[in-house]
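Sequential numbering of the sequence shown, starting at 464, is according to this note's numbering.
Below is one structure; the comments refer to it alone.
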Amino acid sequence: MKKLNKNLLTAAMALTLGLSLTACGAPAEGGDSQEGGEPAIIGICQYGQHASLDNCREGFLQGLKEAGLVEGTDYEIHYENASFDDNMAIQISQSFSAEDAAMMVGIATPAATACYAAAEDKDIPVIFTAITDPVGAKLDSGNITGTSDVLPVEGQLKLIRALQPEAKTVGIIYTTSEANSLYSVEVYKDLAEQYGFTIDAIGVTAQSEVTQAVDTLINHKVDCLSNLTDNNVVGVLGSILEKTNAAGIPVYGSEIEQMKLGCVAGAGLEYVELGVQTGKMAARVLKGEATCQDIPYEVIENYSLYFNSMSLQELNIALPEEIAETAQDVANA
């Protein structure tokens, strides 16, 4: 049996609402604040700052509002950025637990893992987003749920083949400790042969190693790079593009913000929408409509095609008409 939040129970008894608390530790429906009518604290731990994760956070807040919750009345956001530091993510999560947050939100796998570890003793509900493989990260059971951003790898390989008919080798850089990236690299390797590619994947242990890995792939004469949602890699995407553009090697992105930064094209997710979906899930828990265990984590399967016409022009890559008709140009976005 799950533990009830004592502060919330005390508030409910004091106000004689006669409402039962949910097993997830949130107020019952219609009572979204903590003791004394104060807003419920939502602690958001974002693993690092780049556009994709920022979009997840903004979408999450939008999702709460669309679900009818009002900031300052129903909830209060305590937001912290871990700057891609695992130890910092742990400290942030522990601080949320110490202040008895009503909910913790982990944006990206290291942040979600830290939140779950810090929340477990107090049975605080945890919501995650921007996690590719919740099962591999062991975040698929307990007082936790959220959304998975599994990459549309097959769509990406089809796109690369359409834009580079003669390409043979796709380079990928990934962080060896990031479960999302390990999962995605294996999917690339499993599917690559079907589209006539081989994968040249280089693992790094820190962000400082990424540009050196780019130099290695350039020396290997890869035909292109396909970028994952790997936080260490995305964090220095500008530096990657400087090197690859100078070498005449296109980089394909995995979500819209990467194309805005200069990747030539990509099959990817829209992370604001991912965040909105996550926020609505969190609202159900805060309202007492469901517990985390009642809501299986959700996989975002729909994706869109994006291209950057300026980047394509700089690298003399022609965009097939059938793709141009359905894809979105983000060059001036």
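Glycine included, C-beta positions come from ideal geometry on N, C-alpha and C.
A distance below 7 Å between beta-carbons, with the five flanking residues on each side excluded, links residue 662 to the following residues of its chain, in chain order: 633, 635, 651, 652 and 655.
Beyond the five residues adjoining it in sequence on each side, residue 771 comes within less than 8 Å, by CB distance, of 722, 723, 725, 726, 727, 728, 792, 793 and 794 in the same chain, given in chain order. Sorting 750, 762, 714 and 738 by C-alpha distance to the C-alpha of residue 769 places 714 at the top. When DSSP states are grouped into helix, strand and coil, residue 713 belongs to the coil group. Cβ atoms of residue 701 and residue 718 stay farther apart than 8 Å, at about 16 Å.
Here residue 746 is near residue 526, since their CB atoms are less than 8 Å apart. Under DSSP, residue 620 shares a beta bridge with no residue. For residue 508, the enclosing beta strand (DSSP E) stretches over residues 503 to 509. DSSP, reduced to helix, strand and coil, places residue 732 within a strand of the structure shown. Rounded to whole angstroms, residue 596 and residue 570 show a C-alpha spacing of 13 Å.
Counting only runs of at least 4 residues, the stretch 544 to 578 fully encloses the following alpha helix (DSSP H) elements, listed from N- to C-terminal order: 549 to 561. Sequence-distant Cβ neighbours of residue 608 in its own chain, meaning closer than 6 Å and more than five residues away, are 755, 758 and 760.
With a contact defined as Cβ atoms closer than 8 Å, residue 742 and residue 530 qualify at about 7 Å. Contact check between the stretch 620 to 628 and the stretch 666 to 678: fewer than three CB pairs, one atom from each, fall below 8 Å, which does not count as touching. For residue 647, no beta strand (DSSP E) encloses it; the enclosing alpha helix (DSSP H) starts and ends at 642 to 655.
Residue 618 and residue 688 have their C-alpha atoms some 15 Å from each other.
By the beta-carbon neighbour count (other beta carbons within 10 angstroms, threshold 16), residue 631 is exposed.
The continuous beta strand (DSSP E) containing residue 665 extends over residues 661 to 667. Sorting 708, 567 and 586 by C-alpha distance to the C-alpha of residue 538 places 567 at the top.
Residue state for residue 598 is assigned as coil, using DSSP reduced to three classes. By the C-beta criterion, the stretch 508 to 517 is judged to be in contact with the stretch 543 to 561, since at least 3 inter-stretch pairs fall below 8 Å. Residue 638 is classed as buried because its beta carbon has at least 16 other beta carbons within 10 Å across all chains shown. With distances taken between CA atoms, residue 603 lies nearest to 590 out of 615, 590 and 614.
Listed in chain order, the alpha helix (DSSP H) elements of length 4 or more contained wholly in the stretch 665 to 705 are 673 to 682 and 694 to 697.
Straight-line spacing of the CA atoms in residue 776 and residue 501 works out to 55 Å. Between residue 699 and residue 668, the CB-CB gap reaches or exceeds 8 Å. Ranked by Cα distance from residue 601, the options 610, 576 and 738 are led by 576.
Going by C-alpha positions, residue 564 is about 6 Å away from residue 505.
Between the C-alpha atoms of residue 703 and residue 629 there is a straight-line separation of about 23 Å. Under a 10 Å Cβ-count criterion, residue 513 is classified as buried, with 16 or more other Cβ atoms of the shown protein chains found around its own Cβ. When the five nearest sequence neighbours on each side are left out, the beta carbons in the same chain lying within less than 8 Å of the beta carbon of residue 648 are those of 635, 637, 662, 664 and 691, in order along the chain. Here DSSP, grouped into helix, strand and coil, assigns residue 739 to helix.
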